[in-house]
């Protein structure tokens, strides 16, 4: 596990670019799963689109757990590799993957037993619930595979290899894209399974991707050491993982929880608003892929440099990334403003859904630059071993500011008033996060000499 990718030596911009481009492709394909599902399911009608929209916050919960564990794996592996402790890194990855499987299998089993009560609580009606059950029961069966895949790919990225995970996810996305219309609409010899077919297509693609990722981790790169069972070692490694993973997972869980609350508010206004919000959040994920790709590269970069004692290089990388995403997301917003209506029409023929989705596309991406700053700082705090700061930041943004503003906006202006709370919050918190980043990444000042 040498510094083959130049994380400690090559120019910051070049290294982050080389790491982020494959990440960009990989994350785009991951997000493409839900976007492709949304597009094809939307052809079945507004009720089907509303049903898949209800599933989004819940599926994000599982993904958030995977992101949290992945952050713990990436940070700890990065530090171990940066400090020259490759054998310990291999055993740590083994123990982390084992914990990941047992944890997500338990959560998926529990989730599959609570589909009806949970989605009723979120506001799903009697027409949506059977559709939601058809999708989520299959999705829960495959969820442990998704989490193992995401965590394993983070293990590859921690070494500086971002190309292999990207290629794996590209293949998985291609399989999903091919199978989706075949199984949803019953093309050729395939049965018409509608929303259930989308879930089956997704799980099949995960099986293929996990098989390839496991081959790379275990047999080709030898990044996993199958050490004999030792409870003391397990506890030690799980404690290291949990120090980062628990706050990181909780931080990422805040977003789907907040989305679920917003969706419940919208469901009490109109189910068409839920459909528009569901499509909008999927578009948001795609529009933020550069931010997400950069955050996936930034954590191992900062972690390895901190492990090697290069604190100034880590700080420069963080500030460079914050400035870049602010400029990039601002430029990306311009074409969205002019083509918002045309984009909205791709997802629905319902005039009311189109109106709300158009409003979403016009207003919310205007604040994606500041939101990108929030995301990058929150993930980078894990590399600085300050995960609780990251958690507190997200709790304040979502529950102390955004949701109260959303409730007020809903009361004063309905759907549009509620949606306006999101960009207002993200802009204010983004400015505060940039100021915080300049302070939190400063290297410790040397003690004055007493000689």
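Numbering (my numbering), first residue to last: 4 to 454. We treat Cβ as the ideally placed atom computed from N, Cα and C, and that holds for glycine.
> If you count every other CB in all the chains shown that lies within 10 Å of the CB of residue 441, and 16 or more means buried, which is it?
Replying inline: exposed
> Going by Cα to Cα distance, which pick from 353, 334 and 325 is closest to residue 434?
Replying inline: Nearest of 353, 334 and 325 to residue 434, Cα basis: 325.
>> At the level of alpha carbons, what is the spacing between residue 364 and residue 331?
In response: Approximately 17 angstroms, taken between the alpha carbons.
>> Measuring only the C-alpha atoms, how far is residue 342 from residue 79?
In response: Taking C-alpha positions only, residue 342 is separated from residue 79 by approximately 43 angstroms.
> Is the distance from the Cβ of residue 261 to the Cβ of residue 401 below 8 angstroms?
Replying inline: yes
> Any idea what DSSP makes of residue 174, helix, strand or coil?
Replying inline: helix
>> Let's see if you can read the secondary structure: which residues bound the alpha helix (DSSP H) around residue 282?
In response: 274-290
>> Let me confirm a value: residue 415 is counted as buried when at least 16 other C-beta atoms fall within 10 Å, else exposed. Which label applies?
In response: exposed
> Can you name, in chain order, every residue of its own chain whose Cβ lies under 8 angstroms from the Cβ of residue 42, other than the five neighbours on each side?
Replying inline: 349 and 350
> Along the chain, which unbroken stretches of the alpha helix (DSSP H) at least 4 residues long are found entirely within the stretch 282-359?
Replying inline: 292-310 and 314-347
> Considering only the beta carbon of each residue, do residue 228 and residue 94 sit closer than 8 angstroms?
Replying inline: yes
>> If you measure between the beta carbons of residue 151 and residue 104, is that distance less than 8 angstroms?
In response: yes
> Would DSSP call residue 39 helix, strand or coil?
Replying inline: helix
> Candidates 98, 264, 69 and 334: which alpha carbon is nearest residue 242's?
Replying inline: Closest in alpha carbon position to residue 242, among 98, 264, 69 and 334, is 98.
> Using the beta-carbon count (16 or more within 10 Å), is residue 436 buried or exposed?
Replying inline: buried
>> Mapping the DSSP letters down to three states, classify residue 129 as helix, strand or coil.
In response: Three-state DSSP puts residue 129 in coil, outside helix and strand.
> To which residues of the same chain is residue 65 closer than 6 angstroms at the C-beta, ignoring the five residues directly before and after it?
Replying inline: 146
>> Please report the distance separating the alpha-carbon of residue 378 from that of residue 305.
In response: Rounded to whole angstroms, residue 378 to residue 305 spans 15 angstroms at the Cα level.
> By Cβ distance below 6 angstroms, which residues in the same chain neighbour residue 74 in space, the five residues on each side in sequence not counted?
Replying inline: Closer than 6 angstroms at Cβ, skipping near neighbours: 247, 251 and 385.
> For residue 97, does the three-state DSSP call read helix, strand or coil?
Replying inline: helix
> Would DSSP call residue 229 helix, strand or coil?
Replying inline: coil
> Does DSSP put residue 387 in a helix, in a strand, or in coil?
Replying inline: When secondary structure is reduced to three states using DSSP, residue 387 falls in the coil class, being assigned neither helix nor strand.
>> Can you give me the C-alpha to C-alpha distance between residue 158 and residue 273, rounded to a whole angstrom?
In response: 43 angstroms
> Which residues in the same chain as residue 1 place their Cβ atom closer than 6 angstroms to its Cβ, once the five residues preceding and following it in sequence are excluded?
Replying inline: Residue 1 is absent from the structure shown; the chain starts at 4 and stops at 454.
> Assuming residue 359 and residue 279 make a contact with CB atoms under 8 angstroms, what is their CB distance in whole Å?
Replying inline: At roughly 4 angstroms, the Cβ-Cβ gap stays under 8 angstroms, so residue 359 and residue 279 are in contact.
> Under a Cβ-count criterion, where at least 16 other Cβ atoms within 10 Å of its own Cβ denotes burial, should residue 235 be classed as buried or exposed?
Replying inline: exposed
> Less than 8 angstroms separating the beta-carbons of residue 375 and residue 439?
Replying inline: no
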